[in-house]
Amino acid sequence: MSYRQMRRAKSEELRAQRTETIAKRKRSCSLFIENIIPVVVIIRPDRIIQFLSRMLSELDSPIKSGNDGNKNTKSFLKSLRICSIIIFALCSMLFALCFFSSDANARVKGKCKDCHTMHYSYEGEGITYGDRQGPFPILTKGGCLGCHAQNTNGVNSIITSGQAKIPQVLHHNENNDLAGGNFYYVADGYNPDYSKGHNVIGVSHQENTPMNIPPAFIKSVFIPGGLGPTDWPVQQQLTCAGTWGCHGNRTVEDPYESVYGAHHTDDSAIDGITVGKSYRFLYGIKGAEHKNWEYLATVNNHNGYKGDIAHNTMDTISYLCGECHAKFHPNQNLGGIKEVGYVYNSIWRRHPADIAFSSVHVGFKNSEYENYVRYRIEAPVAFGQPTGGEEVVDSTSIIMCLSCHRAHASQYPDILRWDYAKMDLRNGTGKGCLACHTKKGEH
Ligand code: HEC
Ligand code: HEC
Ligand code: HEC
Ligand code: HEC
Ligand code: HEC
441 MSYRQMRRAK SEELRAQRTE TIAKRKRSCS LFIENIIPVV VIIRPDRIIQ FLSRMLSELD
501 SPIKSGNDGN KNTKSFLKSL RICSIIIFAL CSMLFALCFF SSDANARVKG KCKDCHTMHY
561 SYEGEGITYG DRQGPFPILT KGGCLGCHAQ NTNGVNSIIT SGQAKIPQVL HHNENNDLAG
621 GNFYYVADGY NPDYSKGHNV IGVSHQENTP MNIPPAFIKS VFIPGGLGPT DWPVQQQLTC
681 AGTWGCHGNR TVEDPYESVY GAHHTDDSAI DGITVGKSYR FLYGIKGAEH KNWEYLATVN
741 NHNGYKGDIA HNTMDTISYL CGECHAKFHP NQNLGGIKEV GYVYNSIWRR HPADIAFSSV
801 HVGFKNSEYE NYVRYRIEAP VAFGQPTGGE EVVDSTSIIM CLSCHRAHAS QYPDILRWDY
861 AKMDLRNGTG KGCLACHTKK GEH
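Sequential numbering from 441 applies to the sequence shown in our numbering.
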């Protein structure tokens, strides 16, 4: 970039920032009005007036006898108290709406041109991100990997383009991986070790048999929106999204069609009803999303993963993994008792997921699990109603696939969060497996 270009870019950035601040002010103002009207409607002003006039008439009524008068004053004071409580509640509601509503929009931000190209042509040449060849579906620049794996040699795990912050799933900085991990460890051209991650089309080649299909696959299992594939063809490589991938609606084969509309959805409430309103566009899965995909996450501000110990829902993060690795999940739709074990007081055949510490078969009290008390980002647990702010781990906390694994790829074989080969009874440091199995290490 020449000095002139740099200056122009800088002044464009400043202008963009100014327009954003103005737009934000306008937005919060209109949100304020939008939100006030329903509140006023719910509270019913006529009722309040009725109540106030009743209070006033009580005040007017003559004092008959000492006793009665006492009663009257008491009820007046009581009404006064109720009244002030209502007024206080109203005020605090308005206050809260004023200040918090403007941050509620969690959809993509910025100018169309930051992300879209109308003809995939600019002054006669194709425009793209990350050297990916287009044109791309839905007129985006670069497609999934063009945006999300923009600079594979770069060190940034979040790249800003205009006002858009784009999370990076493939970059070259070991200490800067986002929650999903980093496809770098399996990416062709970077000395890959295929066992360290999912081998997705465009990142690496397909693995050899038997790892060309998902380990523990079961045909036609229940998934959100319908059934999983009737078979996993041996030549079928993993994709980011759609039937053969993790993101989007997995009953739709085409990756772009499966996430269609998700990026522009307001996902301030994650209810799993649409792809955009599902946890990280994983259709049907719930959870609480850390704003920066766990970049600089802390012990009380992290991703909130959903678990379900009743095993009758399909909305947990471990169920998502189980959709392909079915035999590893105790849900009856998947591996169930036969493959994994009884859910309560069980002797396990495979390591459990989606069970709480409360159901360990020796009982929680005095068990080794009792000593895992403070949330740890390197061995996280799930919750029934996750908020992402949980600092305390207790008997209700839930084991999940992501307690041990990352989702995309990691530095370690089997996409683990730590080096399993180094887990030893002698390293009683509370690392890895020992975060939960606290009494297995020697102290
Ligand atoms: C930060 C990136 C980004 C910006 C800015 C952006 N888009 Fe998109 N848009 C996407 C992506 C990615 C998709 C495709 C995936 C999807 O639908 O979720 C998409 C999909 C769409 C779609 C089809 C799906 C839908 O939601 O209807 C339309 C239409 C669209 N964009 C229009 C626009 C317009 C108009 C603007 C500017 C006002 C804009 N976009 C700005 C990223 C962006
Ligand atoms: C034009 C650039 C662009 C393209 C193309 C694009 N994305 Fe995104 N994506 C973004 C941006 C920007 C965000 C961050 C949105 C936000 O702030 O919540 C995002 C966020 C995401 C997220 C995280 C959502 C969350 O809740 O945090 C997922 C998952 C995702 N994209 C998947 C995909 C998949 C799969 C494709 C291809 C089918 C795709 N993206 C194509 C720009 C893009
Ligand atoms: C859409 C199907 C699908 C989903 C969903 C899925 N996987 Fe996989 N997984 C595969 C396939 C296919 C392979 C084998 C090929 C490869 O490694 O890419 C695999 C391999 C693995 C491996 C072994 C890696 C190796 O190369 O040795 C682990 C560990 C794993 N998955 C964990 C998970 C976890 C954890 C989740 C949930 C976050 C998950 N998977 C979700 C399809 C899936
Ligand atoms: C207690 C930690 C832990 C949990 C929880 C866990 N895994 Fe694993 N997983 C491992 C380890 C360790 C390996 C390495 C091989 C082994 O020891 O079985 C592994 C291996 C795998 C493999 C590769 C298997 C192969 O044939 O190479 C897949 C796939 C996998 N896990 C998926 C899952 C899924 C899906 C879940 C949740 C239902 C899950 N894991 C839960 C620790 C765990
Ligand atoms: C997030 C917490 C957690 C992590 C991390 C974890 N485990 Fe577990 N593990 C459990 C729980 C809970 C059980 C179930 C115990 C029960 O039912 O009594 C269990 C069960 C087991 C069992 C079977 C015990 C039985 O009662 O049948 C073995 C063996 C085991 N884990 C080994 C490991 C190894 C090895 C690792 C590291 C790769 C690991 N665990 C990581 C929580 C964890």
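Don't be surprised by glycine CBs; every beta carbon is placed ideally from N, CA and C.
Practice item. Give the straight-line distance between the Cα atoms of V674 and F657, rounded to the nearest whole angstrom. Key: 12 Å
**Study point:** Delimiting residues of the alpha helix (DSSP H) encompassing P695
**Key:** 695-699
Check your understanding: Is Y745 near ligand 1, in the sense that its beta carbon is under 7 Å from a heavy atom of that ligand?
Key -> no
Review point. How should C587 be labelled, buried or exposed, when 16 other C-beta atoms within 10 angstroms of its C-beta is the threshold for buried?
Key: buried
Review point. Among residues of its own chain, excluding the 5 on either side of H704, which ones have a beta-carbon nearer than 6 Å to its beta-carbon?
Key: R547
Review point. Taking 7 Å as the line, does the beta carbon of V813 fall inside it for any heavy atom of ligand 2?
Key: no
Point to revise | Segments of 3+ residues assigned as beta strand (DSSP E) that fall wholly inside the stretch 646-718 | key: 679-681, 685-687
Check your understanding: Roughly how many angstroms lie between the CA atoms of A875 and Y815, to the nearest whole one?
Key -> 10 Å
Exercise for review: Within its chain, find whatever has a CB closer than 7 Å to the CB of N732; leave out the 5 residues flanking it on each side and keep chain order.
Suggested key: I598
Review point. Taking C-beta to C-beta, are H742 and G872 nearer than 8 Å?
Key: no
**Study point:** Where the alpha helix (DSSP H) containing I777 begins and where it ends
**Key:** 776-779
Check your understanding: Hey, would you say F823 sits closer than 8 Å to M754, going by beta carbons?
Key -> no
Exercise for review: Can you tell me which of N593, N613, Y630, P664 puts its alpha carbon nearest to the alpha carbon of C764?
Suggested key: P664
Exercise for review: Alpha carbon to alpha carbon, how far is P792 from G727? Give it in angstroms, no decimals.
Suggested key: 20 Å
Practice item. Report the residue ranges of all alpha helix (DSSP H) runs contained in full by the stretch 592-624; include only those spanning at least 4 residues, in chain order. Key: none
Check your understanding: Can we count P607 as close to ligand 2, meaning its CB is less than 7 Å from some heavy atom?
Key -> yes
**Study point:** Neighbour-count burial assignment, N593, 16 or more Cβ in a 10 Å radius
**Key:** exposed
Check your understanding: Does the beta-carbon of I482 have 16 or more other beta-carbons within 10 angstroms, so that it is buried, or is it exposed?
Key -> Note on I482: pLDDT 47, under 50, position unreliable in the model; no value is reported.
Check your understanding: Would the beta-carbon of P820 fall within 8 Å of that of D794?
Key -> no
Exercise for review: Would you check if the distance between the CB atom of G776 and the CB atom of S758 is smaller than 8 Å?
Suggested key: no
Check your understanding: Between G570 and F576, which are expected to be in contact by the criterion C-beta below 8 Å, what is the C-beta distance as a whole number of angstroms?
Key -> Wrong, their Cβ atoms sit about 11 Å apart, outside the cutoff.
Review point. Beta-carbon separation of T683 and R690 under 8 Å?
Key: yes
Exercise for review: Inspect the beta-carbon positions of E779 and R790 and report whether they are closer than 8 Å.
Suggested key: yes
Review point. What residues in its chain sit with their C-beta under 8 Å from that of T649, if we drop five residues either side in the sequence?
Key: V674
Exercise for review: Pull up the distance between the alpha-carbon of A619 and that of R846, whole angstroms please.
Suggested key: 7 Å
Practice item. Taking H611 as the reference, give the member of Q676, S660, N596 with the closest Cα. Key: N596
**Study point:** Start-to-end residues for the alpha helix (DSSP H) that takes in S786
**Key:** Premise fails: S786 is in no alpha helix (DSSP H) and is neither H nor E.
Exercise for review: May I ask whether a heavy atom of ligand 3 can be found less than 7 Å away from the beta carbon of D755?
Suggested key: no
Review point. So, are the CB atoms of G637 and Y625 less than 8 Å apart?
Key: yes
Check your understanding: Could you give the distance in angstroms between the alpha-carbon of K553 and the alpha-carbon of T580?
Key -> 9 Å
Review point. Taking the Cβ atom as the reference point for each residue, do S837 and A796 lie within a distance shorter than 8 Å?
Key: yes
Exercise for review: Using three-state DSSP, classify L736 as helix, strand or coil.
Suggested key: coil
Exercise for review: Label S850 either buried or exposed according to how many other C-beta atoms from any shown protein chain fall within 10 Å of its C-beta, with 16 as the threshold for buried.
Suggested key: buried
**Study point:** Beta carbon shell of ligand 1 at less than 6 Å from a heavy atom
**Key:** V548, G550, K551, C552, D554, C555, H556, I578, T580, A604, V699, Y700, G701, A702, H703, H704
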